[in-house]
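A short worksheet on the structure shown next.
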Amino acid sequence: MNSKNKNKLERVSTWYKSTKGLNSFMIYCVYLEFRKFIEEPILEIGPADGGMTSLIFDNLRPKTINIVEASEKYCQLLSKKFKKAAVFNSYLEDFKATKKYKTIIASHLLEHVENVDKFLQTAYKLLDNDGKFLVSVPNGLSMHRLLGVEMGLLETPTQLNDQDKKIGHFRVYDPKKLEEDLKKNGFKIEKISTSFIKFLSNAQIEKFIPEKDWIYFYSLSKNFPQNGADIFAICNK
(Lines of atoms letter the chains of each structure in order from A; the text may use other names.)
(Lines give C-alpha, C1' and ligand atoms only; values in the text may rest on other atoms or scores of the structure.)
Protein backbone atom coordinates (compact mmCIF):
# COMPACT_ATOMS: atom_id res chain seq x y z
CA MET A 279 0.00 0.00 0.00
CA ASN A 280 1.40 3.39 -0.93
CA SER A 281 1.67 6.31 1.49
CA LYS A 282 -1.48 7.96 0.11
CA ASN A 283 -3.59 4.89 0.85
CA LYS A 284 -1.89 4.44 4.23
CA ASN A 285 -2.78 8.01 5.18
CA LYS A 286 -6.40 7.45 4.11
CA LEU A 287 -6.56 4.33 6.28
CA GLU A 288 -5.36 6.28 9.31
CA ARG A 289 -7.98 8.98 8.63
CA VAL A 290 -10.72 6.35 8.40
CA SER A 291 -9.56 4.90 11.73
CA THR A 292 -10.47 8.18 13.44
CA TRP A 293 -14.19 7.79 12.72
CA TYR A 294 -15.17 4.31 11.49
CA LYS A 295 -16.68 2.03 14.16
CA SER A 296 -17.61 -1.61 13.61
CA THR A 297 -18.79 -1.98 17.19
CA LYS A 298 -21.77 0.38 17.15
CA GLY A 299 -25.20 0.57 15.49
CA LEU A 300 -26.14 -1.33 12.37
CA ASN A 301 -22.50 -1.95 11.42
CA SER A 302 -22.12 -3.98 14.60
CA PHE A 303 -25.31 -5.96 13.99
CA MET A 304 -24.38 -6.80 10.40
CA ILE A 305 -21.01 -8.11 11.60
CA TYR A 306 -22.93 -10.22 14.11
CA CYS A 307 -24.96 -11.69 11.23
CA VAL A 308 -21.77 -12.68 9.42
CA TYR A 309 -20.38 -14.12 12.67
CA LEU A 310 -23.45 -16.38 12.89
CA GLU A 311 -22.44 -17.83 9.51
CA PHE A 312 -18.76 -18.20 10.47
CA ARG A 313 -18.88 -19.42 14.07
CA LYS A 314 -19.11 -23.20 13.56
CA PHE A 315 -16.06 -23.12 11.27
CA ILE A 316 -13.73 -21.23 13.62
CA GLU A 317 -10.92 -23.31 15.15
CA GLU A 318 -7.57 -22.39 16.68
CA PRO A 319 -5.03 -21.20 15.76
CA ILE A 320 -6.88 -18.15 14.42
CA LEU A 321 -5.60 -15.28 12.27
CA GLU A 322 -7.87 -12.27 11.83
CA ILE A 323 -6.86 -9.73 9.21
CA GLY A 324 -7.90 -6.07 9.29
CA PRO A 325 -10.54 -6.14 12.06
CA ALA A 326 -10.56 -2.32 12.47
CA ASP A 327 -11.81 -1.66 16.02
CA GLY A 328 -12.62 -5.32 16.67
CA GLY A 329 -16.31 -5.97 16.04
CA MET A 330 -15.75 -9.55 14.87
CA THR A 331 -12.91 -10.02 17.36
CA SER A 332 -15.21 -9.27 20.29
CA LEU A 333 -17.78 -11.79 19.11
CA ILE A 334 -15.16 -14.53 18.78
CA PHE A 335 -13.58 -13.90 22.20
CA ASP A 336 -16.93 -13.49 23.99
CA ASN A 337 -18.63 -16.54 22.50
CA LEU A 338 -15.93 -19.02 21.47
CA ARG A 339 -13.32 -18.07 24.08
CA PRO A 340 -10.14 -18.99 22.19
CA LYS A 341 -6.82 -18.90 24.02
CA THR A 342 -5.60 -16.21 21.64
CA ILE A 343 -6.16 -14.63 18.24
CA ASN A 344 -3.34 -13.38 16.05
CA ILE A 345 -4.42 -10.06 14.54
CA VAL A 346 -2.80 -8.36 11.56
CA GLU A 347 -3.98 -4.76 11.20
CA ALA A 348 -2.44 -2.07 8.98
CA SER A 349 -3.72 0.94 10.96
CA GLU A 350 -1.48 1.97 13.84
CA LYS A 351 -4.42 3.61 15.63
CA TYR A 352 -6.56 0.48 15.40
CA CYS A 353 -3.62 -1.63 16.60
CA GLN A 354 -3.27 0.49 19.72
CA LEU A 355 -6.99 0.15 20.41
CA LEU A 356 -7.00 -3.63 19.78
CA SER A 357 -3.99 -4.22 22.04
CA LYS A 358 -5.72 -2.42 24.91
CA LYS A 359 -9.09 -4.06 24.32
CA PHE A 360 -8.01 -7.68 23.78
CA LYS A 361 -5.30 -8.65 26.27
CA LYS A 362 -5.22 -12.25 24.99
CA ALA A 363 -4.68 -11.21 21.37
CA ALA A 364 -1.31 -10.90 19.65
CA VAL A 365 -1.59 -7.74 17.53
CA PHE A 366 0.76 -7.05 14.62
CA ASN A 367 0.84 -3.65 12.88
CA SER A 368 1.43 -4.90 9.35
CA TYR A 369 -0.09 -5.61 5.97
CA LEU A 370 -0.76 -9.29 5.46
CA GLU A 371 1.69 -9.38 2.55
CA ASP A 372 4.49 -8.21 4.90
CA PHE A 373 3.49 -10.31 7.92
CA LYS A 374 6.21 -12.73 9.09
CA ALA A 375 4.13 -15.67 10.26
CA THR A 376 5.73 -18.43 12.35
CA LYS A 377 2.96 -20.99 11.78
CA LYS A 378 0.00 -21.85 9.63
CA TYR A 379 -3.56 -21.20 10.74
CA LYS A 380 -6.62 -23.39 11.08
CA THR A 381 -8.85 -20.34 10.57
CA ILE A 382 -8.13 -17.11 8.69
CA ILE A 383 -10.79 -14.40 8.82
CA ALA A 384 -11.00 -11.42 6.46
CA SER A 385 -14.26 -9.63 7.22
CA HIS A 386 -15.01 -6.46 5.22
CA LEU A 387 -11.45 -6.28 4.00
CA LEU A 388 -10.99 -7.41 0.37
CA GLU A 389 -12.77 -4.31 -0.92
CA HIS A 390 -10.01 -2.25 0.76
CA VAL A 391 -7.13 -4.23 -0.78
CA GLU A 392 -5.48 -2.75 -3.86
CA ASN A 393 -3.76 -5.95 -5.04
CA VAL A 394 -6.33 -8.65 -4.28
CA ASP A 395 -4.43 -11.47 -5.98
CA LYS A 396 -1.29 -10.89 -3.92
CA PHE A 397 -3.36 -10.69 -0.73
CA LEU A 398 -5.27 -13.91 -1.44
CA GLN A 399 -2.13 -15.78 -2.46
CA THR A 400 -0.55 -14.81 0.87
CA ALA A 401 -3.63 -15.93 2.80
CA TYR A 402 -3.60 -19.24 0.92
CA LYS A 403 0.01 -19.91 1.94
CA LEU A 404 -0.78 -19.17 5.60
CA LEU A 405 -3.82 -21.47 5.72
CA ASP A 406 -3.42 -24.97 7.11
CA ASN A 407 -4.17 -27.74 4.62
CA ASP A 408 -7.46 -28.55 6.36
CA GLY A 409 -8.17 -24.99 7.49
CA LYS A 410 -10.96 -22.53 6.62
CA PHE A 411 -10.67 -19.11 5.02
CA LEU A 412 -13.70 -17.06 6.07
CA VAL A 413 -14.41 -13.98 3.97
CA SER A 414 -17.09 -11.30 3.91
CA VAL A 415 -17.49 -8.18 1.77
CA PRO A 416 -20.28 -5.65 1.09
CA ASN A 417 -22.58 -6.83 -1.70
CA GLY A 418 -23.11 -4.79 -4.86
CA LEU A 419 -26.37 -6.67 -5.41
CA SER A 420 -27.75 -5.63 -2.03
CA MET A 421 -31.34 -4.41 -2.23
CA HIS A 422 -30.37 -0.88 -1.20
CA ARG A 423 -27.86 -0.63 -4.06
CA LEU A 424 -30.36 -2.03 -6.58
CA LEU A 425 -32.80 0.59 -5.33
CA GLY A 426 -30.10 3.22 -5.81
CA VAL A 427 -29.86 2.25 -9.49
CA GLU A 428 -33.64 2.48 -9.91
CA MET A 429 -33.62 5.93 -8.31
CA GLY A 430 -30.79 7.15 -10.55
CA LEU A 431 -28.33 7.48 -7.67
CA LEU A 432 -26.01 4.82 -9.13
CA GLU A 433 -25.33 3.93 -12.75
CA THR A 434 -24.63 0.29 -11.87
CA PRO A 435 -24.99 -1.68 -8.62
CA THR A 436 -21.22 -2.08 -8.29
CA GLN A 437 -20.31 1.56 -8.95
CA LEU A 438 -18.22 3.15 -6.21
CA ASN A 439 -20.38 5.71 -4.41
CA ASP A 440 -19.26 8.60 -2.20
CA GLN A 441 -19.31 6.46 0.96
CA ASP A 442 -17.24 3.75 -0.73
CA LYS A 443 -14.62 6.33 -1.69
CA LYS A 444 -14.66 7.94 1.76
CA ILE A 445 -14.00 4.66 3.52
CA GLY A 446 -11.29 3.57 1.09
CA HIS A 447 -12.95 0.92 -1.08
CA PHE A 448 -11.22 0.00 -4.35
CA ARG A 449 -14.17 -2.05 -5.65
CA VAL A 450 -17.69 -3.24 -4.92
CA TYR A 451 -18.10 -7.00 -5.14
CA ASP A 452 -21.02 -9.08 -6.28
CA PRO A 453 -21.14 -12.82 -5.47
CA LYS A 454 -19.85 -13.86 -8.90
CA LYS A 455 -16.80 -11.55 -8.76
CA LEU A 456 -15.90 -12.68 -5.23
CA GLU A 457 -16.15 -16.32 -6.28
CA GLU A 458 -13.94 -15.64 -9.31
CA ASP A 459 -11.22 -13.93 -7.25
CA LEU A 460 -11.18 -16.70 -4.64
CA LYS A 461 -11.03 -19.55 -7.15
CA LYS A 462 -8.41 -17.80 -9.28
CA ASN A 463 -6.11 -17.77 -6.27
CA GLY A 464 -6.51 -21.42 -5.35
CA PHE A 465 -9.40 -21.50 -2.91
CA LYS A 466 -12.25 -23.98 -3.08
CA ILE A 467 -15.60 -22.56 -2.02
CA GLU A 468 -17.64 -24.63 0.39
CA LYS A 469 -20.44 -22.07 0.63
CA ILE A 470 -21.10 -18.57 -0.69
CA SER A 471 -24.25 -16.62 0.14
CA THR A 472 -25.37 -13.29 1.62
CA SER A 473 -26.77 -12.01 4.90
CA PHE A 474 -29.11 -9.23 6.06
CA ILE A 475 -31.59 -7.68 3.67
CA LYS A 476 -31.01 -3.93 3.62
CA PHE A 477 -33.49 -1.69 1.78
CA LEU A 478 -32.39 1.62 3.30
CA SER A 479 -29.20 3.34 4.42
CA ASN A 480 -27.71 2.55 7.83
CA ALA A 481 -28.88 5.89 9.19
CA GLN A 482 -32.45 5.35 7.97
CA ILE A 483 -32.64 1.84 9.42
CA GLU A 484 -31.24 3.01 12.76
CA LYS A 485 -33.78 5.85 12.85
CA PHE A 486 -36.95 4.11 11.69
CA ILE A 487 -36.62 0.40 12.56
CA PRO A 488 -36.33 -0.73 16.21
CA GLU A 489 -33.13 -2.64 16.92
CA LYS A 490 -35.11 -5.61 18.24
CA ASP A 491 -36.56 -6.08 14.73
CA TRP A 492 -33.25 -6.10 12.83
CA ILE A 493 -32.93 -9.87 13.26
CA TYR A 494 -35.87 -10.37 10.88
CA PHE A 495 -33.89 -8.77 8.06
CA TYR A 496 -31.20 -11.37 8.70
CA SER A 497 -33.78 -14.17 8.58
CA LEU A 498 -35.26 -12.73 5.39
CA SER A 499 -31.91 -12.96 3.61
CA LYS A 500 -32.24 -16.75 3.51
CA ASN A 501 -34.93 -16.22 0.85
CA PHE A 502 -32.74 -13.86 -1.21
CA PRO A 503 -29.27 -15.49 -1.26
CA GLN A 504 -27.90 -13.06 -3.88
CA ASN A 505 -29.25 -9.84 -2.37
CA GLY A 506 -28.20 -9.53 1.26
CA ALA A 507 -26.08 -6.56 2.29
CA ASP A 508 -22.97 -8.69 2.88
CA ILE A 509 -21.54 -11.58 0.89
CA PHE A 510 -19.88 -14.30 2.96
CA ALA A 511 -17.80 -17.23 1.76
CA ILE A 512 -16.53 -20.36 3.52
CA CYS A 513 -13.38 -21.51 1.72
CA ASN A 514 -10.74 -24.21 1.96
CA LYS A 515 -7.72 -25.44 0.02
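Taking my numbering, I'd label the letters of the sequence shown as residues 279 to 515. Backbone N, C-alpha and C fix where the C-beta goes; we use that ideal spot for every residue, glycine too.
As assigned by DSSP and simplified to three states, the class of residue i
| i | result |
| --- | --- |
| residue 468 | strand |
| residue 453 | helix |
| residue 411 | strand |
| residue 332 | helix |
| residue 406 | strand |
| residue 357 | helix |
| residue 419 | coil |
| residue 315 | helix |
| residue 393 | coil |
| residue 505 | coil |
| residue 401 | helix |
| residue 337 | helix |
Opening and closing residue of the alpha helix (DSSP H) in which residue i lies
| i | result |
| --- | --- |
| residue 306 | 299-312 |
| residue 486 | 480-486 |
| residue 445 | 440-445 |
The beta strand (DSSP E) enclosing residue i, as first and last residue numbers
| i | result |
| --- | --- |
| residue 380 | 379-385 |
| residue 344 | 344-347 |
| residue 498 | Premise fails: residue 498 lies in the alpha helix (DSSP H), 492-498, not in any beta strand (DSSP E). |
| residue 516 | Shown here, the chain extends from 279 to 515; a query on residue 516 therefore has no answer. |
| residue 474 | Premise fails: residue 474 is in no beta strand (DSSP E) and is neither H nor E. |
| residue 373 | It is not in any beta strand (DSSP E) - residue 373 carries neither H nor E in the DSSP assignment. |
| residue 367 | 364-367 |
Integer-rounded CB distance, given that residue j should sit under 8 Å from residue i
| i | j | result |
| --- | --- | --- |
| residue 511 | residue 416 | Their Cβ separation, rounded to whole angstroms, is 13 Å, which puts residue 511 and residue 416 out of contact at 8 Å. |
| residue 386 | residue 479 | Not quite, the Cβ-Cβ distance comes to about 17 Å (not below 8 Å), so this is no contact. |
| residue 367 | residue 347 | 6 Å |
| residue 363 | residue 342 | 6 Å |
| residue 509 | residue 456 | 5 Å |
| residue 446 | residue 390 | 5 Å |
| residue 484 | residue 300 | 6 Å |
Buried or exposed by the 16-neighbour rule on C-beta atoms within 10 Å, applied to residue i
| i | result |
| --- | --- |
| residue 384 | buried |
| residue 497 | exposed |
| residue 327 | buried |
| residue 458 | exposed |
| residue 454 | exposed |
| residue 465 | buried |
| residue 505 | buried |
Under 7 Å between C-beta atoms of residue i and residue j
| i | j | result |
| --- | --- | --- |
| residue 352 | residue 333 | no |
| residue 405 | residue 382 | yes |
| residue 305 | residue 329 | yes |
| residue 323 | residue 355 | no |
| residue 435 | residue 471 | no |
| residue 407 | residue 515 | yes |
| residue 380 | residue 409 | yes |
| residue 312 | residue 412 | yes |
| residue 495 | residue 475 | yes |
| residue 473 | residue 307 | yes |
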